[in-house]
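Trainee: The structure is given below, and queries will be raised subsequently.
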Amino acid sequence: MHHQCILAELSSRIQKLFVMLVTSGWASKQEDELVHQAGQVLTEELKREITGSRTTTKEQKTFTDLGRSIIEGLYVPISNVEPQPILMNYENR
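If you count by our numbering, then the sequence shown holds residues -9 to 83, one letter each, in order.
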């Protein structure tokens, strides 16, 4: 049983590393700067999961800038999607 736990943890780490590799390679070939940022955000998040490190101020700024750009409709593939209301916002609590 102990060995299964070790193998499961190693498998998870390998899968995350593989996703990082594929995502960074694919995102770097795209023309849209927001795709580059999204790829960077995902790979940084997976790296933190593997290493146990915390987000930096620079990374948090990148997350916020990416989210703001998407909300402002600058990400063309979803720019025409109408945002849905938040069903459980702070006012409803």
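Heads up, the beta-carbon is just placed ideally off N, CA and C, and yes, glycines get one too.
Model, not experiment: these values are computed from the prediction.
Determine, using beta-carbon pairs with one atom in the region 46 to 57 and one in the region 21 to 37, whether at least three such pairs fall under 8 Å.
Mentor: Judged by Cβ distances under 8 Å, the region 46 to 57 makes contact with the region 21 to 37, as three or more pairs qualify.
Trainee: Could you spell out where the alpha helix (DSSP H) holding Ile4 opens and where it closes?
Mentor: If you number the sequence shown from 1, residue 4 lands on position 14. That run of the alpha helix (DSSP H) goes -8 to 18.
Trainee: Can you give me the Cβ contacts of Glu39 inside the same chain, cut-off strictly under 7 Å, excluding the 5 residues immediately before and after it?
Mentor: Sequence index remark: in the sequence shown, residue 39 carries index 49 (1-based). Excluding positions up to five away in sequence, the list reads Lys6.
Trainee: Could you tell me the alpha carbon to alpha carbon distance between Val66 and His(-8), rounded to whole angstroms?
Mentor: The residue labelled residue 66 in the question sits at position 76 within the sequence shown. The residue labelled residue -8 in the question sits at position 2 within the sequence shown. Answer to the nearest angstrom: the Cα atoms are 48 Å apart.
Trainee: Which value, in whole angstroms, describes the spacing of the CA atoms of Asn79 and Thr52?
Mentor: Reading the sequence shown from its first residue, position 89 is the one you call residue 79. Reading the sequence shown from its first residue, position 62 is the one you call residue 52. Computed Cα separation, rounded: 25 Å.
Trainee: For Asn70, which option in Ile76, Ile60, Ser1 has the closest C-alpha, if you only look at C-alpha atoms?
Mentor: Taking the first residue of the sequence shown as position 1, residue 70 is located at position 80. Taking only the C-alpha atoms, the option nearest Asn70 is Ile60.
Trainee: Here's a check: name, in chain order, each residue in its chain whose Cβ is nearer than 7 Å to the Cβ of Gln27, leaving out the five neighbours to either side.
Mentor: Taking the first residue of the sequence shown as 1, we reach residue 27 at position 37. Thr52, Leu56.
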